[in-house]
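To convert, note that position 289 of the sequence shown is 289 in the UniProt record's numbering; the numbers rise steadily by one, no gaps. Below: one structure, written as structure tokens.
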Amino acid sequence: MAPKSKFELKTPKGTKDWFGKDMLIREKIFSQLKGVFQKHGGMELDTPVFELKEILSGKYGEDSKLIYDLADQGGELTSLRYDLTVPFARWLAMNKDIQSVKRYHISKVYRRLRKTFGRLADIYRSDQPAMNKGRMREFYQCDFDIAGTYDSMLPDAEIIRIVVEVFEGLGWNGNYTIKLNHRKILDGIFEVCGVPEDKIRTISSAVDKLDKLPWADVRKEMTEEKGLDGEVADRIGEWVVQKGKQDLLRKLQRDDKLSANASMKAGMADLELLFNYLEAFGALDRVSFDLSLARGLDYYTGVIYEVVTEGSAPAATPGADDKTVKSKKKSKSKDKDDEDRSDDPSVGVGSVAAGGRQAYPKTQLPLGVLSALT
1 MAPKSKFELK
11 TPKGTKDWFG
21 KDMLIREKIF
31 SQLKGVFQKH
41 GGMELDTPVF
51 ELKEILSGKY
61 GEDSKLIYDL
71 ADQGGELTSL
81 RYDLTVPFAR
91 WLAMNKDIQS
101 VKRYHISKVY
111 RRLRKTFGRL
121 ADIYRSDQPA
131 MNKGRMREFY
141 QCDFDIAGTY
151 DSMLPDAEII
161 RIVVEVFEGL
171 GWNGNYTIKL
181 NHRKILDGIF
191 EVCGVPEDKI
201 RTISSAVDKL
211 DKLPWADVRK
221 EMTEEKGLDG
231 EVADRIGEWV
241 VQKGKQDLLR
251 KLQRDDKLSA
261 NASMKAGMAD
271 LELLFNYLEA
281 FGALDRVSFD
291 LSLARGLDYY
301 TGVIYEVVTE
311 GSAPAATPGA
321 DDKTVKSKKK
331 SKSKDKDDED
341 RSDDPSVGVG
351 SVAAGGRQAY
361 PKTQLPLGVL
371 SALT
């Protein structure tokens, strides 16, 4: 008879227990966030931790593969919530008498971990946390949403102002940047450059990797994996590497081909108004207009934004030099007890907050959403 394997008592990979100092710090942060949200008229909403699978399907683009499906119990196909935004949209659709609302929600969400081979090909699995250092399968999101009919760009400007107030309230001493773009501007650039309509979303997903990969790798993904013509990719590359503020917006407006595109015109008009609001709200100096920002989620329809800090960006991009690789090998034994590095403060988590404008056909309510990951 084969000997029984020794059972190791631990939490599942990609999860952690909260106690003592960590719990006190977390509750202090949540209290500060709630204070800012309530100051802006936010009301708290709590939704089930799992939703009907059909509700979540098709909302997250390529990231739909990261959703946890639950075993069929009672005849309903259900999934753990991937974020707090789609459940909010479902709640709005079920409560049609609510014409406008400011809502906040601080709760746990669940995601499979992404296993990456090389620089480009992504294969999604739930059993490979060691391949994605610092990522959690269970973590908190803090959402603030504005739903309803308001003056153009005013809710978007308010949410960006909320980001600034959150960082001020937390006493943040480091640098942070609110990266800003508009899906209509990005779509307009793709259209003018010659991207086929059926490839716009998948090319957008590739562009969104420019914060982690050099342009050469992103171009390779576009052409070799996604079948985009090389000349089209080169035209895209002339624009998506650019960033600035109103100066970049004026540069786009001066380009005859871009300014003649209907999608571009609508997006540029929105951003011009948004910049005016942000200047009035004292938040413009924190913003960077970044044409590489794409946000892969399929529900964004307008302004999109991400907040990055000095410590939130990945420590090294894929393909880092050999010294980095060697140093990781040396520390392998040290990391054994913390395989997913959930306790490693040096591991970057990407953006610390993100969101954008959305419109759901079932609700007909535009949403401005702040999703702050803590």
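Glycine residues also receive a C-beta, built at the ideal position from the N, C-alpha and C atoms.
The beta-bridge partner set that DSSP reports for His105 consists of Asp143. Counting only residues of its own chain and dropping the five nearest sequence neighbours on each side, Val308 has a CB closer than 6 Å to the CB of Thr177, Ser351.
Restricted to the region 38-108, the beta strand (DSSP E) segments that are unbroken, complete and at least 3 residues in length are 50-52, 78-80, listed in chain order.
Glu165 is the residue among Ser288, Glu165, Pro12 whose C-alpha sits nearest the C-alpha of Phe281. Judged by DSSP secondary structure, Ser288 falls within the beta strand (DSSP E) whose first and last residues are 287-290. In the same chain as Gln246, and ignoring 5 residues on each side of it, the C-beta atoms closer than 7 Å to its own belong to Phe275, in chain order.
Restricting attention to alpha helix (DSSP H) runs no shorter than 4 residues, the region 214-257 encloses them at 215-220, 230-240, 246-254, ordered along the chain.
Annotated three-state conformation of Lys179 is strand, per DSSP.
The three-state secondary structure of Gly355, taken from DSSP, is strand. Under a 10 Å Cβ-count criterion, Val49 is classified as exposed, with fewer than 16 other Cβ atoms of the shown protein chains found around its own Cβ. Per DSSP, the unbroken beta strand (DSSP E) holding Val307 starts and ends at 300-309. Note on Met264: 16 or more other CB atoms within 10 angstroms of its CB, so buried under the neighbour-count rule. Cβ contact annotation for Val241 (same chain, cutoff 8 Å, sequence separation greater than five): Leu210, Trp215, Leu291, Ser292, in chain order. A contact is defined here as three or more CB-CB pairs under 8 Å, and the region 40-49 meets this definition with respect to the region 99-108. In the three-state reduction of the DSSP assignment, Glu8 falls in the coil class. Around the beta carbon of Trp172, fewer than 16 other beta carbons sit within 10 angstroms, so the residue counts as exposed.
Per the coordinates, the alpha-carbon of Arg250 lies some 23 Å from the alpha-carbon of Asp208.
Look at Tyr110 here: in three-state DSSP terms it is strand. If you draw a 10 Å sphere on the C-beta of Glu221, you find 16 or more other C-beta atoms in it, and that means buried. Distances from the CA of Leu284 to each of Arg295, Ile162, Leu24 were compared; the closest alpha carbon is that of Ile162. Residue pairing of Glu138 in beta bridges, as defined by DSSP: Tyr110. The shortest CA-to-CA distance from Ser100 to any of Val109, Tyr110, Lys108, Ala89 is the one to Ala89. The Cβ atoms of Glu51 and Pro87 sit closer than 8 Å to each other. Between the alpha carbons of Arg201 and Arg295 lies a distance of about 10 Å. Taking a cut-off of 8 Å for Cβ pairs, the region 76-83 and the region 8-15 do not touch, as fewer than three such pairs fall below it. Under the three-state reduction of DSSP output, Thr202 falls in the helix class. In this structure, Phe190 is the residue among Phe190, Arg26, Ala71 with its C-alpha nearest to the C-alpha of Arg235. When C-alpha distances from Asp255 are compared across Cys193, Asn95, Arg26, the shortest belongs to Cys193. With contacts defined as CB atoms closer than 8 Å, Glu310 and Gly174 qualify as a contacting pair.
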